[in-house]
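Notes to accompany the following structure.
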Amino acid sequence: MIIALNNKSNLTKEEFIEYQKQLSSIQALSSKIILCPTSTYLALYNLNNIELGAQNVSKDEIGAHTGEIAATQLASLNVKYCIVGHSERRQELKESSEDTNKKIKNLFSKNITPILCVGETKEEKELGKTTSLIKEQLMIAIKDLSEDEKNNIVIAYEPIWSIGTGLIPTIKDIEEVLSLIKEILPNAKCLYGGSANDQNIDYLKTSNLIDGYLLGGLSLKPEKLQIFIEKAEN
Ligand code: PGA
Numbered sequence: 003m004i005i006a007l008n009n010k011s012n013l014t015k016e017e018f019i020e021y022q023k024q025l026s027s028i029q030a031l032s033s034k035i036i037l038c039p040t041s042t043y044l045a046l047y048n049l050n051n052i053e054l055g056a057q058n059v060s061k062d063e064i065g066a067h068t069g070e071i072a073a074t075q076l077a078s079l080n081v082k083y084c085i086v087g088h089s090e091r092r093q094e095l096k097e098s099s100e101d102t103n104k105k106i107k108n109l110f111s112k113n114i115t116p117i118l119c120v121g122e123t124k125e126e127k128e129l130g131k132t133t134s135l136i137k138e139q140l141m142i143a144i145k146d147l148s149e150d151e152k153n154n155i156v157i158a159y160e161p162i163w164s165i166g167t168g169l170i171p172t173i174k175d176i177e178e179v180l181s182l183i184k185e186i187l188p189n190a191k192c193l194y195g196g197s198a199n200d201q202n203i204d205y206l207k208t209s210n211l212i213d214g215y216l217l218g219g220l221s222l223k224p225e226k227l228q229i230f231i232e233k234a235e236n
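Residue numbers (the working numbering): 3 to 236.
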């Protein structure tokens, strides 16, 4: 199982150092845990039990792009995974699916595994547009990838209405989307993200289609995270 921790723009430097100390005692039996800290803390990473991921990458390569971080630079910091197309970036920064396609190609060219986020708004869900929208997000993002790249990409289904709200979809709804993703990308690992926590993991893990989780809020609570991992692996 993959458990990716999305810290978003949280923690000061001192808090991150303390947080990382707490994470160093996190134990997992079979799961791969991936920490995606705020980018300024990537260089402070010093964990043996957890791999390093980033929250974003530039769609351009190294060069004159103020404020951006190129895939080459992430690779030089030992980043092995990178979140792409998170809904907060799609909504707040107008990141398009075409951008995600460029970012994914840049990442693969530096041997970094992309974790592509897809998901619908509440309104889109109510209009019955979930599967068509996710198919569109996915098809544009994976355009012109090699078979090998398609086999190795990680997809995180994150309904926007469930992120940080405490609401989660039914297993039936999650599986409808994950089945669609697995039809298009039979070998890709599929994560669920959106208010997953140590309470609802017992319900979420009843699905055989979920290969792991992308955790926002829970990533910042190491004690609860340990409980989550134990329940998820059990
Ligand atoms: P959440 O965030 O777990 O706090 O809902 C998940 C995410 O945005 O990746």
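For every residue, glycine included, the Cβ atom is placed at its ideal position computed from N, Cα and C. Quick caveat, the model's predicted, so the values are computed rather than measured.
Just tell me which of the options has its CA closest to the CA of residue i.
| i | options | result |
| --- | --- | --- |
| Ala73 | Asn50, Ser41, Ser89 | Ser41 |
| Leu7 | Asp175, Glu178, Ile85 | Ile85 |
| Glu90 | Asn50, Ile162, Pro39 | Ile162 |
| Lys15 | Tyr215, Tyr43, Leu118 | Tyr43 |
| Leu118 | Leu95, Ile144, Glu125 | Ile144 |
| Glu100 | Gln75, Leu140, Gln93 | Leu140 |
| Leu182 | Asn199, Gly121, Ile229, Asp146 | Gly121 |
| Asn103 | Leu95, Gln75, Gln22, Ile142 | Ile142 |
| Val83 | Pro188, Leu216, Arg92, Ile231 | At residue 83 the sequence reads Tyr, which differs from the Val that was named. The option with the nearest alpha carbon to Tyr83 is Leu216. |
| Pro188 | Ile165, Val156, Thr167 | Val156 |
| Gly87 | Ala56, Leu13, Leu76, Ile231 | Ala56 |
| Ile170 | Asn202, Lys23, Asp146 | Asn202 |
Work out the CA separation of residue j and residue i for me, nearest whole Å.
| i | j | result |
| --- | --- | --- |
| Ser148 | Glu97 | 23 angstroms |
| Leu79 | Lys105 | 17 angstroms |
| His67 | Leu25 | 33 angstroms |
| Asn58 | Ile71 | 8 angstroms |
| Glu53 | Thr123 | 30 angstroms |
| Phe110 | Val81 | 12 angstroms |
| Thr132 | Leu180 | 12 angstroms |
| Lys233 | Gly65 | 45 angstroms |
| Glu63 | Asp150 | 22 angstroms |
| Asn210 | Ile176 | 11 angstroms |
| Ala30 | Asn236 | 11 angstroms |
| Thr208 | Glu126 | 26 angstroms |
| Leu129 | Cys192 | 24 angstroms |
| Ser32 | Asn48 | 21 angstroms |
| Asn153 | Ala45 | 29 angstroms |
| Lys34 | Asp213 | 11 angstroms |
| Thr167 | Ser197 | 6 angstroms |
| Ile4 | Pro224 | 16 angstroms |
| Ser11 | Tyr194 | 21 angstroms |
| Ser60 | Ser164 | 27 angstroms |
| Lys184 | Glu17 | 39 angstroms |
Should residue i go down as buried or exposed, given a rule of 16 or more other Cβ atoms within 10 Å for buried?
| i | result |
| --- | --- |
| Thr172 | exposed |
| Asn113 | exposed |
| Ser134 | exposed |
| Pro39 | buried |
| Gln93 | exposed |
| Lys174 | exposed |
| Tyr21 | buried |
| Glu160 | buried |
Please list the terminal residues of the continuous alpha helix (DSSP H) segment that includes residue i.
| i | result |
| --- | --- |
| Ala77 | 73 to 78 |
| Ala234 | 224 to 235 |
| Lys23 | 15 to 25 |
| Lys127 | 124 to 128 |
So residue i is in the beta strand (DSSP E); what residue range does that whole segment cover?
| i | result |
| --- | --- |
| Ala56 | 53 to 56 |
| Ile5 | 4 to 8 |
| Ile36 | 34 to 38 |
| Ile85 | 83 to 86 |
Any heavy atom of the ligand SAH closer than 6 angstroms to the CB of residue i?
| i | result |
| --- | --- |
| Ser11 | In the structure on display, the ligand SAH does not appear, and the ligands it does have are the ligand PGA. |
Ranges of the beta strand (DSSP E) found wholly within the segment 139 to 181, counting only runs of at least 3: 156 to 159
Any alpha helix (DSSP H) of 4 or more consecutive residues that is wholly inside the segment 88 to 114: 89 to 94, 99 to 111
Alpha helix (DSSP H) segments (min. 4 residues) lying fully within the segment 193 to 226: 203 to 206
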